[in-house]
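Chemist: Quick one: the structure is below, and I'll ask about it shortly.
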Amino acid sequence: MRLSAQSEPRLSVNPGDVTLDAPSDPSSDNGSEQVCRLHLREGNSTAVRSEVTHLLRSRLRSASLLIFAALAVFLVWHTLSFDRWDRVIYVVNYAAHIVATLILGMLGFLLCTRREFTLSELRWIEIATFFVPAGFFATLHYSRATYFAENYGMHPEVAAAWLLPIYIYALFIPNTWQRAAVFIGVLSGLPVLLIALSAITHVQSAEVLLEQWDTVVVTVLVMAIAAVSSVWGVHTINTLRSEVYQAKRLGQYQLKQLIGSGGMGEVYLAEHQLMKRPCAIKVIRPEKAGDPKVLARFEREVQATARLSHWNTIDIFDYGRADDGTFYYVMEYLPGMNLSELVRRFGPLPPGRAIYLIRQACDALQEAHDLGLVHRDIKPANIFAASRGGVCDVVKLLDFGLAKPLTDLNAAHLTADGTITGSPLFMSPEQATGDTEPDSRSDVYSLGAVLYYLVTGKPVFEDDKPLKIMFKHAHETPVRPSLVRTDLAGDLEMIVLRCLEKNSGQRFQSASDLAAALDRCHDSGTWTREHAREWWQENEVPIERIPELSA
């Protein structure tokens, strides 16, 4: 969640997830209303065919089991009504009923197994699923028509039974409307053909139909309406399904699920279409895509991160626009969790582990600072503890959306004078007051605030309003971490407090200086890769996770 500095909302219970950003240009609001919904490019025919095959199998399984259940229920009724029919007619219909029920049951069971089916095989199963019960209905229809004509002088109502396979087909089977029209047309035409067949082959049926010609009219109308409505339904469902499939694609990437959203955009779990490599894709929110300030920040984040090559900085794989102009970029898949979630779930970290994690973040930050970039939004939610190459607790520094070159005067328009950017719980005094432009020592302050949070489980300053927290960062002395955690070593406490100096000249002057000081700590080296692996295994941390990036 990102908040304008002109508002004063209450903080969420999630430390470090709130980031203040410079307010957007009000004139851009109208532009956002004109933004189209996200329309994404279609994948290749192989991906589409695979999608159809998977969906068709799932739907056929459901349809066959549903029809099997219906036939099984009516088989019980059929068994109990043996005395209402001529014995020969009853035996024929009963046998047809049993055969149809068994075949549908076997088809449903077969589709529940792990056997792989081609699309062609599934289409044959589709035909069997609907025309086997249609054959039973035809037998029942003809025998009932002749029996009722001989014994009661009337033609029975038959349309209702035929509606079952027609509507189940329309609802369950993915298809083009043209193919569905042929399939449903045959099903809906069968009862009319059977009426004609009974009239041609059976004298009493012909006489009854001549007297009750309205029965033929009603049957034709019911079947015609059912056919037209079903084909239209297939067309509508197929169109919606295609739109959803298209909306889940972005260039060469298949979007799997939404995993995070914020004031700037959404983050999706995705997979590269050809390499099948999992990744995370960040896109601009549609209502934000018309804001030039947001677009500028988004591009700046990509450009800033792409310049960095340190292994403790998240990798950017790709960047571009969708057909409608939607911005997106693709980053690496990171199994694990961010430090904010780590502390929320498991409490304060052992000092050695906190040093181990922050030490890696220092290395990533130092590269950024050497390239003239200031992150300006260091917080636990933007530092990720990942599993990479079989190594656990690998730090990845995320979200360079607020990063700003130290000497880039051309980017000055992206942050208006007097505005404040960053996360109130972890921002430096100079960020809070806006009196001076933050430099690399501002990131050192924020990193010290994160270290304070890791070892104590509490942020340096707390309040329910961001502006009050910012005031405390600028003017109040923090509570010594040893008063919150009594077993904390004095050397680590001194490092934290030096990072949190109000005067930037009294802090560590670089991330590498902070890293060197951490290396000299008493608890340095007490947490290793082996400890990290054991901890992940003991706590059963799910590694199939995507970083909860600040969207």
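According to my numbering, the residues represented by the sequence shown are 9 to 559, in order.
Ideal Cβ positions, reconstructed from N, Cα and C, are used throughout, including at glycine.
1. Please report how far the alpha carbon of His149 lies from the alpha carbon of Leu63, in whole angstroms.
2. DSSP three-state label for Glu556, please.
3. Of the residues Trp319, Asp326 and Trp132, which one's Cα is nearest the Cα of Glu582?
4. Would the beta-carbon of Ile366 fall within 8 Å of that of Val492?
5. How is Ser89 classed by DSSP in three states: helix, strand or coil?
6. Should Pro486 and Glu501 be called a contact, given that it needs their Cβ atoms to be closer than 8 Å?
7. Exposed or buried, which one is Ile554 when buried takes at least 16 other CB atoms within 10 Å?
8. Which full runs of the alpha helix (DSSP H) of 4+ residues lie inside the segment 454 to 538, going along the chain?
9. Decide if Met339 is buried, meaning its Cβ has at least 16 other Cβ atoms within 10 Å, or exposed.
10. Identify every run of the alpha helix (DSSP H) within the segment 161 to 223, keeping only runs that are complete inside it and at least 4 residues long; order them along the chain.
11. Are the beta-carbon atoms of Cys507 and Val463 separated by less than 8 Å?
12. In angstroms with no decimal places, state the Cα-to-Cα distance between Lys387 and Ala394.
13. According to DSSP, simplified to helix, strand and coil, what is Glu445?
14. Round the Cβ separation of Tyr336 and Gly328 to the nearest angstrom and send it over; I've been treating them as touching at under 8 Å.
15. Among residues of its own chain, excluding the 5 on either side of Leu171, which ones have a beta-carbon nearer than 7 Å to its beta-carbon?
16. Pairing CB atoms from the segment 368 to 385 with CB atoms from the segment 318 to 325, are three or more of them under 8 Å?
17. Could you tell me if Tyr276 is buried or exposed, where buried requires 16 or more neighbouring beta carbons within 10 angstroms of its beta carbon?
18. Considering only the alpha carbon of each residue, which of Tyr155, Ile267, Thr137 and Ser151 lies closest to Ile181?
19. Leaving out five residues on either side along the sequence, give the residues of the same chain with a beta carbon under 6 Å from the beta carbon of Cys400.
20. Using beta-carbon positions only, say whether Thr227 and Val200 come within less than 8 Å of one another.
21. Here's a check: name, in chain order, each residue in its chain whose Cβ is nearer than 7 Å to the Cβ of Thr534, leaving out the five neighbours to either side.
22. Taking 8 Å as the threshold, find out whether the segment 130 to 144 comes into contact with the segment 69 to 85 through three or more Cβ pairs.
23. Give the single residue among Gly113, Ser213, Thr184 and Ala178 whose Cα lies nearest to the Cα of Tyr160.
24. Tell me, to the nearest whole angstrom, how far the beta carbon of Ile324 is from that of Lys404; I am working on the premise that it is less than 8 Å.
25. Could you compute how far the alpha carbon of Ala304 sits from the alpha carbon of His483?
26. Could you check if Asp416 is buried or exposed, using at least 16 other CB atoms within 10 Å of its CB as the buried criterion?
27. What does the Cβ neighbour count give for Ser238, buried or exposed, with the cut at 16 atoms within 10 Å?
28. Would you check if the distance between the CB atom of Glu274 and the CB atom of Tyr261 is smaller than 8 Å?
29. Scan the segment 353 to 411 and note each continuous beta strand (DSSP E) run of 3 residues or more that stays entirely inside, going in chain order.
30. Check whether the Cβ atoms of Ser436 and Asp385 lie closer than 8 Å to each other.
31. Tell me whether the beta-carbon of Thr154 lies closer than 8 Å to the beta-carbon of Ala104.
32. Between Pro23 and the rest of its own chain, which residues show a CB-CB distance below 7 Å, the 5 nearest in sequence each way excluded?
33. Are there 16 or more other CB atoms within 10 angstroms of the CB of Lys290, so buried, or fewer, so exposed?
34. Going by DSSP, what residue range makes up the beta strand (DSSP E) through Glu279?
35. Taking the alpha carbon of Thr67 as the point to measure from, which residue in Phe144, Val81, Leu179 and Ala142 has its own alpha carbon closest?
Modeler: Let me lay it out:
1. By one-based count along the sequence shown, residue 149 stands at place 141. By one-based count along the sequence shown, residue 63 stands at place 55. Near 33 Å, if we compare the C-alpha coordinates of Leu63 and His149.
2. Translated into positions along the sequence shown, residue 556 becomes position 548. Unreliable positioning characterises Glu556 in this predicted model, as indicated by a pLDDT of 46, which lies under 50. The coordinate reading is nonetheless provided below. DSSP places Glu556 in coil when its eight states are reduced to three.
3. In the structure as shown, the chain starts at 9 and stops at 559, and residue 582 therefore has no counterpart that could be examined.
4. Counting from 1 along the sequence shown, the entry for residue 366 is found at position 358. Counting from 1 along the sequence shown, the entry for residue 492 is found at position 484. Going by C-beta atoms, Ile366 is not nearer than 8 Å to Val492.
5. Counting from one through the sequence shown, the residue named residue 89 turns up at place 81. The answer is coil: DSSP assigns Ser89 none of H, G, I, E or B.
6. Here the question's residue 486 lines up with position 478 in the sequence shown. Here the question's residue 501 lines up with position 493 in the sequence shown. No, the pair does not count as a contact, with Cβ atoms beyond the cut-off.
7. Against the sequence shown, residue 554 aligns to sequence position 546. Because the pLDDT at Ile554 is just 42, under 50, the model does not fix this residue reliably, and the point stays unresolved.
8. 474 to 483, 489 to 492, 498 to 507 and 519 to 527
9. Locating residue 339 in the sequence shown gives position 331, counting from the first residue. Buried.
10. 167 to 180, 185 to 209 and 211 to 219
11. Here residue 507 is taken as the residue at index 499 of the sequence shown, counted from 1. Here residue 463 is taken as the residue at index 455 of the sequence shown, counted from 1. Contact: no.
12. Looking up residue 387 in the sequence shown gives position 379. Looking up residue 394 in the sequence shown gives position 386. Just so you know, the alpha carbons of Lys387 and Ala394 end up roughly 16 Å apart.
13. Within the sequence shown, residue 445 is the residue found at index 437, counting from 1. Three-state DSSP puts Glu445 in coil, outside helix and strand.
14. As a first step, residue 336 is located in the sequence shown; it is residue number 328 there, counting from the start. As a first step, residue 328 is located in the sequence shown; it is residue number 320 there, counting from the start. The pair is a contact, with the Cβ atoms about 6 Å apart (cut-off 8 Å).
15. Translated into the one-based positions of the sequence shown, residue 171 becomes position 163. For Leu171, where only same-chain residues beyond five positions count, the Cβ hits under 7 Å are Ala234.
16. In short, these stretches touch, since the Cβ pair count reaches three.
17. Within the sequence shown, residue 276 is the residue found at index 268, counting from 1. Label assigned to Tyr276: buried.
18. In the sequence shown, residue 181 corresponds to position 173, counting from 1. For Ile181, the nearest C-alpha among the options comes from Thr137.
19. The residue given as residue 400 occupies position 392 in the sequence shown. Residues of the same chain with a CB within less than 6 Å of the CB of Cys400, apart from the 5 flanking positions on each side, are Ala540, Arg541 and Trp544 in chain order.
20. As a first step, residue 227 is located in the sequence shown; it is residue number 219 there, counting from the start. As a first step, residue 200 is located in the sequence shown; it is residue number 192 there, counting from the start. The Cβ atoms of Thr227 and Val200 lie closer than 8 Å to each other.
21. On the sequence shown, position 526 is the one that residue 534 refers to. The answer, listed in chain order, is Gly360.
22. Judged by pairs of C-beta atoms under 8 Å, the segment 130 to 144 touches the segment 69 to 85, as three or more such pairs exist.
23. Here residue 160 refers to the residue found at position 152 when the sequence shown is read from its first residue. Minimum Cα distance to Tyr160 is reached at Ser213.
24. Position 316 of the sequence shown holds residue 324. Position 396 of the sequence shown holds residue 404. So it is not a contact: roughly 12 Å between Cβ atoms.
25. For this step, residue 304 is matched to residue 296 along the sequence shown. For this step, residue 483 is matched to residue 475 along the sequence shown. C-alpha separation (whole angstroms): 33 Å.
26. Against the sequence shown, residue 416 aligns to sequence position 408. Only weak support is given to the placement of Asp416: the predicted model assigns it a pLDDT of 48, under 50, and the value that follows is read from those uncertain coordinates. The residue is exposed, with fewer than 16 neighbouring Cβ atoms inside 10 Å.
27. Within the sequence shown, the letter at position 230 stands for residue 238. Buried, by the Cβ-count rule.
28. One-based indexing of the sequence shown puts residue 274 at position 266. One-based indexing of the sequence shown puts residue 261 at position 253. No.
29. Segments of the beta strand (DSSP E) lying fully in the segment 353 to 411: 391 to 396 and 399 to 405.
30. In the sequence shown, counting from the first residue as 1, residue 436 sits at position 428. In the sequence shown, counting from the first residue as 1, residue 385 sits at position 377. No.
31. Counting from one through the sequence shown, the residue named residue 154 turns up at place 146. Counting from one through the sequence shown, the residue named residue 104 turns up at place 96. No.
32. The sequence position of residue 23 within the sequence shown is 15, counting from 1. Residue placement at Pro23 is poorly supported in this model, since its pLDDT is 47, which falls under 50; the coordinates still yield a value, given next. Result list for Pro23: Ser348, Pro388, Leu433, Tyr461 and Pro467, in chain order.
33. If you number the sequence shown from 1, residue 290 lands on position 282. It is buried - the Cβ of Lys290 has at least 16 other Cβ atoms within 10 Å.
34. Mapped onto the sequence shown, residue 279 falls at position 271. Where Glu279 is concerned, the enclosing beta strand (DSSP E) stretches over Gly273 to His280.
35. Taking the sequence shown and counting its residues from 1, one reaches residue 67 at position 59. In the sequence under discussion, the amino acid at residue 67 is Arg, which differs from the Thr named in the question. Comparing Cα positions, the closest option is Leu179.
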